[in-house]
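This report refers to the structure that appears directly beneath it.
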Amino acid sequence: MYKILKKEVLNDVVELMEVHAPYVARKCEPGQFIILRVGEDGERIPLTIADFDRDKETITIIYQVVGYSTRELAKLNEGDELTDFVGPLGIPTKFHEVKHVIGVAGGVGSAPLYPQLRELANRGVEVDVIIGGREAQYVLLADEFRKFCKNVYIATDDGSLGTKGFVTTVLSDLIEKGENIDEVIAIGPVPMMKAVVNVTKPKNIKTSVSLNPIMIDGTGMCGCCRVSVDGKIKFACVDGPDFDGLQVDFDELMMRQRMFKEEEHTVNENANR
Ligand code: FES
């Protein structure tokens with residue numbers, strides 16, 4: 001069993017947990033993920049590792065409460081235990097020889113982006129980040145990014161914090177101003193990653209994305225997490241979750257993600273009754 005050592009509510013839909021998971025904490029690297037279960041009959045929930053502490057033997061996860069399983073997870077508190085916490089899964093991020101990287105995060109995308117950018121900063125790379133959210137409360141981890149990023153840009157849809165607009169508004173401005181960018185790492189909702197690629201592709205700027213499609217086993221067996229990259233079928237759980245964003249078929253990915261929207265809606269409706 002995996003004890004929850006800390007729980008924090010980050011906004012009205014996002015929570016953070018620090019979980020005691022010695023094996024995962026010893027082995028994990030930026031870019032990898034875990035699959036957890038709440039209860040013996042619980043559904044598997046894949047979550048990218050937001051942080052790890054090898055001395056404390058803990059893993060930090062940040063999740064959005066969107067459906068039945070994440071609601072069950074959100075019912076747990078400090079001192080409670082998770083039934084399963086499997087990992088580290090997926091291929092660690094491959095860091096390239098670059099001088100200047102801009103990270104782009106939307107919503108809970110800040111969580112997987114954080115350890116990647118911190119590692120790059122530790123390697124001496126100049127790192128900036130653009131964090132986006134619908135409104136101020138959905139802009140996550142800005143203070144944590146400030147510890148190692150040269151610039152932290154913020155964009156909100158309603159203008160309640162930072163630039164009024166999207167992350168791509170800020171990114172396009174920086175490119176137009178002649179900012180020298182070797183690589184963009186974009187993590188967030190699929191439409192956001194697609195929009196980022198629409199900005200970087202014409203400029204031929206290397207762009208990495210982290211994909212979080214529907215997953216079941218997390219070991220390459222079920223085929224649920226299938227994505228098309230450069231015209232080839234890949235499984236996000238064993239071939240990713242990081243991919244070359246310029247080669248990802250985002251339209252197909254969005255179509256597959258909509259598959260269970262109706263069920264999620266029904267569960268949320270029932271929970272709100
Ligand atoms: Fe089953 Fe990736 S989750 S193949």
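Going by the UniProt record's numbering, the first residue of the sequence shown is number 1, and it counts up by one from there.
From the three backbone atoms N, C-alpha and C, an ideal C-beta is built for every residue, glycine too.
Judged by the Cβ position, residue 236 qualifies as a neighbour of the ligand FES at the 8 Å threshold, a heavy atom of the ligand being closer than this. Unbroken beta strand (DSSP E) stretches of 3 residues or longer found wholly inside the UniProt domain "FAD-binding FR-type" (1–95): 2–9, 14–20, 33–37, 45–48, 51–53, 58–64 and 84–89, given in chain order. Note on geometry: alpha-carbon atoms of residue 208 and residue 8 lie some 29 Å from one another.
Using a Cβ distance threshold of 9 Å, residue 50 and residue 61 count as a contacting pair.
At least one heavy atom of the ligand FES falls within 8 Å of the beta-carbon of residue 226. In this structure, the ligand FES has no non-hydrogen atom nearer than 8 Å to the beta-carbon of residue 130. Listed in chain order, the non-local C-beta contacts of residue 102 below 6 Å within the same chain comprise 128, 181 and 184, local neighbours out to five positions each way being set aside.
If you compare the alpha carbons of 187, 90, 88 and 6 with that of residue 77, the shortest gap goes to 6.
Proximity of the beta carbon of residue 106 to the ligand FES is not indicated: no heavy atom of the ligand is located closer than 8 Å. Between residue 95 and residue 24, the CB-CB gap reaches or exceeds 9 Å.
If the five residues before and after residue 20 are omitted, its C-beta is found closer than 7 Å to the C-beta atoms of 2, 3, 5, 57 and 58, all from its own chain and listed in chain order.
Relative to the ligand FES, the nearest heavy atom lies less than 8 Å away from the CB of residue 217.
Between the stretch 216–229 and the stretch 191–205, the count of Cβ pairs shorter than 8 Å is below three; the stretches do not touch. Remark: the shortest separation between the CB of residue 133 and any heavy atom of the ligand FES does not fall under 8 Å. Where residue 151 is concerned, the enclosing beta strand (DSSP E) starts and stops at 151–156. For residue 235, the uninterrupted beta strand (DSSP E) segment begins and ends at 232–235. Remark: C-beta atoms of residue 113 and residue 210 approach each other more closely than 9 Å. In the structure shown, the three-state DSSP call for residue 135 is coil.
Distances from the CB of residue 222 to the heavy atoms of the ligand FES include at least one below 8 Å.
By the Cβ rule, the stretch 219–235 does not count as touching the stretch 121–141, because fewer than three pairs are nearer than 8 Å. Annotation for residue 42: 69, 72 and 83 place their beta carbon closer than 7 Å to its own, counting only its chain and skipping 5 residues before and after. Excluding sequence positions up to five before and after residue 168, its CB lies within less than 7 Å of the CB of 195, 196 and 199, all in the same chain and listed in chain order. Closest by C-alpha distance to residue 52, out of 192, 87 and 80, is 87. Judged by DSSP in its simplified three-state form, residue 126 adopts strand.
If you ignore the 5 residues before and after residue 149, its C-beta comes within less than 6 Å of the C-beta of 127, 128 and 129, all in its own chain and listed in chain order. The Cβ-Cβ distance between residue 64 and residue 13 falls below 9 Å. In the three-state reduction of the DSSP assignment, residue 249 falls in the coil class.
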